[in-house]
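As given, the protein sequences belong to chains L and E, one line each in that order. If you want our numbering, it's the 1-based position in the first sequence plus 2. If you want our numbering, it's the 1-based position in the second sequence plus 2. Positions of the beta carbon are idealized from the N, C-alpha and C atoms, including for glycine. Notes follow the structure.
Number of protein chains: 2
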Amino acid sequence: MKRSAPTIKEIAQKLNISVSTVSKAIHNHPSIGLTTKERVQKLAKELNYVPNQAALHLKHQKSSVIGVILPKLIDQFFSLTVNGIEDYALKNNYNVFTTQSHESLTREKELVAIMQRAQVDGVIVAVSKETTSYDHFNALENAGIPVVYFVRQPKEAMLHNWVSSNVYEAAGKAVDFLIAQGHTRIAHLKGPDSLLTSKHRYDGYMEALGRNNIAYDADLVKICDLTKAGTQKAMKELLQVDEPPTAVLCFKDYMVLDAMQFLRKQSQTNQKKIEFIGFGNLPMFEYFDEKPLASLDERPYEIGEKAISLLLKLINGATEEGIQNINLECKLIVH
Amino acid sequence: MKRSAPTIKEIAQKLNISVSTVSKAIHNHPSIGLTTKERVQKLAKELNYVPNQAALHLKHQKSSVIGVILPKLIDQFFSLTVNGIEDYALKNNYNVFTTQSHESLTREKELVAIMQRAQVDGVIVAVSKETTSYDHFNALENAGIPVVYFVRQPKEAMLHNWVSSNVYEAAGKAVDFLIAQGHTRIAHLKGPDSLLTSKHRYDGYMEALGRNNIAYDADLVKICDLTKAGTQKAMKELLQVDEPPTAVLCFKDYMVLDAMQFLRKQSQTNQKKIEFIGFGNLPMFEYFDEKPLASLDERPYEIGEKAISLLLKLINGATEEGIQNINLECKLIVH
DNA sequence: TTGTAAGCGTTATCAA
DNA sequence: TTGATAACGCTTACAA
């Protein structure tokens with residue numbers, strides 16, 4: 003029983019009035035008589051009238067859809083950001099087109115093209131780890147589709163809108179905490195150089211070391227590529243340092259997990275315990291027997307919310323405030 | 003520099019021909035002369051012409067969007083199904099509108115309404131644990147929007163299209179395996195009664211017990227509500243049984259995790275080891291030191307793929323095959 | 001207070 | 001081989 007949705011045309015016919023009158027009546031236009039308004043609205047309700055989105059889209063040049071590009075949904079951190087985006091979108095009558103780049107630049111470019119074809123009103127993106135050029139996003143913006151970066155900022159960060167957590171400060175908090183616990187050999191597993199946020203976390207680490215008068219040891223910083231193999235290779239190298247670290251600050255909690263897993267497998271020797279702190283505070287930690295010492299909660303839900311809230315402002319032309327850089331404060335969660 | 007996308011009208015003007023000719027030329031309509039075709043296609047490429055989706059949508063009454071409703075994205079199992087859906091959709095020029103019910107029936111109904119308003123071409127859904135009436139989905143179908151259930155079938159399963167894994171057979175495999183390992187006191191943490199798949203898993207458990215001549219003990223089966231508290235209460239009860247179980251088959255791996263966590267906290271006494279098998283084979287297991295004995299891999303990626311592939315068939319009217327019930331085989335993964 | 005008509009971008013029918 | 005035109009459903013000057 004495939005019956006098509008009622009249109010204002012049908013309503014107009016049944017009521018023997020014109021479509022424009024119906025349209026105005028439905029929108030409570032002041033120029034329409036009270037009785038007509040009531041008749042129209044009553045029938046509209048009866049017929050369960052819902053305006054045709056395609057027509058609105060075509061008319062207003064506005065799809066009421068926002069696109070989201072993120073690395074992986076299986077990453078619990080990103081999955082949590084989606085909750086914030088989705089809830090806020092639903093409240094504001096936007097639909098969300100969520101996609102995954104799987105950390106591939108090629109795929110990310112495809113997705114951008116698809117978003118443009120789909121005529122989304124705006125895009126929220128956490129760039130892939132392979133992304134170094136931002137041409138594809140700039141093209142979006144040139145086509146009038148605003149972009150809000152989140153979690154991972156683009157290279158020329160000041161020139162773009164983004165929402166993130168204050169990882170610089172957070173890294174400092176983590177290092178302070180470790181030092182307060184008596185650690186002095188504190189390593190850092192840094193994220194890929196392509197990501198600006200890797201530098202921010204590193205800078206925070208460096209600043210805190212300096213502030214606490216702990217000499218920087220280049221051997222204690224390793225760049226990781228976000229793969230398990232990469233992390234485990236880095237850990238191996240850390241263990242071979244003359245005076246190995248007793249604590250490690252990691253780019254993200256998945257790195258912590260890979261590192262701890264590596265150590266567990268290595269621990270035939272009289273390996274000293276190494277403490278870990280990472281970014282993310284993943285929900286899955288609740289299931290772990292042996293948790294990392296602490297974790298930096300980046301408030302992903304709120305990052306998502308702020309990102310879409312900013313994006314909707316941009317879409318609705320509230321651009322007078324200029325470029326927005328939003329940095330949410332992280333919380334250090336001790337497990 | 004907000005420039006709007008080129009239209010066939012613009013192309014027509016620049017070439018001094020009519021829009022209908024342009025339209026046909028772009029689609030390689032046989033009635034168009036070779037030279038015109040080439041001129042049009044060349045210019046279209048130059049201008050980077052892309053057909054306006056809103057117009058197509060309005061014209062063809064087809065949005066090329068499919069809606070997905072699932073309980074939670076943070077659940078790694080569902081997140082994996084999304085990958086299968088997304089990849090297949092992109093390959094077939096569909097966009098995916100993914101949403102979460104968070105296991106709430108109220109939210110699920112809202113989402114269905116939103117999907118209908120958004121005029122998605124079809125819906126893939128794993129119903130919430132609260133869903134007992136299917137009226138909202140039937141309404142979708144009555145409005146001409148096909149629905150494919152996945153993972154969790156609706157009550158009158160035979161009457162609807164669905165894709166799932168063969169949990170009945172899988173539960174049997176798990177029980178067989180446990181028995182082969184010497185277990186005879188095998189408990190089952192059953193899923194909520196609202197979900198048909200709970201019954202299927204339970205039935206498979208029962209069948210395997212019978213087949214192996216193990217007497218059924220009602221004390222060894224507890225219904226859980228998919229909350230941590232519910233699972234842990236059930237485990238507590240299992241421990242108080244006269245002859246407690248030595249192994250437990252769980253509705254899903256998250257239940258296994260909650261149960262194991264409970265046991266770890268309890269284990270002050272000389273608690274005998276209890277083995278667990280659950281459905282899901284979650285990726286996060288790789289990070290666990292102490293994994294469950296085994297897990298049933300439901301091949302979520304393929305479930306997603308099959309679900310959307312079936313849905314696209316339904317959308318394109320390939321309905322002559324009748325109602326489809328697809329049950330993928332599970333693999334027992336021993337950890 | 002209500003109606004007419006153009007237009008959003010496309011396709012498709014029919015005529016030229 | 002090409003073009004004019006209506007239609008998809010809606011909004012909005014402008015006219016009545």
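- In the DSSP assignment, N327 (chain E) falls within the unbroken beta strand (DSSP E) covering 327-330.
- Going by C-alpha positions, K238 (chain L) is about 14 Å away from K274 (chain L).
- Residue burial annotation: R213 (chain E) is exposed, with fewer than 16 other C-beta atoms found within 10 angstroms of its C-beta.
- Between L49 (chain L) and Q102 (chain E), the alpha-carbon positions lie close to 29 Å from each other.
- Ranked by Cα distance from E277 (chain L), the first of L:R266, L:I13, L:Q15 is L:R266.
- When DSSP states are grouped into helix, strand and coil, N85 (chain E) belongs to the helix group.
- Setting aside the 5 residues that flank it on each side, V70 (chain L) is surrounded in the same chain by V84, I87, V98, F99, T100, T101, V125, I126, V127, each with a C-beta closer than 8 Å to its C-beta; the list follows chain order.
- A check of alpha carbon separations from S130 (chain L) across L:L113, L:V150, L:D137, L:E105 identifies L:E105 as the nearest.
- Linking A145 (chain L) to L92 (chain E) through their CA atoms gives a straight-line distance of about 22 Å.
- Under the DSSP definition of a beta bridge, K333 (chain L) partners with L:D299.
- Taking the Cα of L107 (chain E) as reference, the smallest distance to any Cα among E:D89, E:K74, E:L82 is reached at E:K74.
- Its Cα nearest to that of D255 (chain L), the residue L:C226 stands out among L:L241, L:V243, L:C226.
- DSSP, read as helix, strand or coil, puts A141 (chain L) in helix.
- Between the alpha carbons of V177 (chain L) and Y170 (chain L) lies a distance of about 11 Å.
- Each of E:A236, E:H202, E:G206, E:H190 was checked against the Cα of D219 (chain E), and the nearest Cα belongs to E:H190.
- Assignment of G232 (chain E) by DSSP, reduced to helix, strand and coil, places it in the helix class.
- Within the region 197-281 of chain L, the complete alpha helix (DSSP H) segments of 4 residues or longer fall at 198-213, 230-241, 255-268, listed in chain order.
- By the Cβ test, the region 54-63 of chain E is in contact with the region 52-70 of chain L, since at least three Cβ pairs between them sit closer than 8 Å.
- I116 (chain E) and P294 (chain E) have their alpha carbons spaced roughly 40 Å apart.
- Going by beta carbons, A172 (chain L) and G206 (chain L) fall inside the 8 Å limit.
- Note on the region 96-182 of chain E: whole beta strand (DSSP E) runs with a minimum of 3 residues are 97-102, 124-127, 149-152, 164-167, in chain order.
- Your pair F152 (chain E) and A309 (chain E) checks out as a contact, with CB atoms roughly 4 Å apart and the cut at 8 Å.
- Apart from the 5 residues on each side of it in sequence, H337 (chain L) sits with its Cβ closer than 8 Å to the Cβ of F287, K293, P294, L295, A296, S297 in its chain, given in chain order.
- Within the same chain, and ignoring the five residues on either side of I216 (chain L) in sequence, the residues whose Cβ sits closer than 8 Å to its Cβ are I181, T186, I188.
- An exposed status is given to M160 (chain E), since fewer than 16 other beta-carbon atoms sit within 10 Å of its beta-carbon.
- The alpha-carbon separation between R203 (chain L) and D299 (chain L) amounts to approximately 14 Å.
- When DSSP states are grouped into helix, strand and coil, K74 (chain E) belongs to the coil group.
- The C-alpha of D123 (chain E) lies about 43 Å from the C-alpha of F179 (chain E).
- Residue contact with chain E for Y289 (chain L): present (Cβ-Cβ distance below 8 Å to some residue of chain E).
- With a 10 Å radius around the Cβ and a threshold of 16 neighbouring Cβ atoms, N318 (chain L) comes out exposed.
- At a cut-off of 8 Å between C-beta atoms, L60 (chain L) counts as an interface residue with respect to chain E.
- For F79 (chain E), not one C-beta of chain L is nearer than 8 Å to its own C-beta.
- In the three-state DSSP reduction, H190 (chain L) falls in the strand class (E or B).
- Straight-line measurement puts the Cα of N163 (chain L) at about 5 Å from the Cα of V150 (chain L).
- Taking 8 Å as the cut-off, the beta carbon of Q263 (chain E) is found closer than this to the beta carbon of Y289 (chain L).
- DSSP places V67 (chain E) within a strand segment (E or B) once states are collapsed to three.
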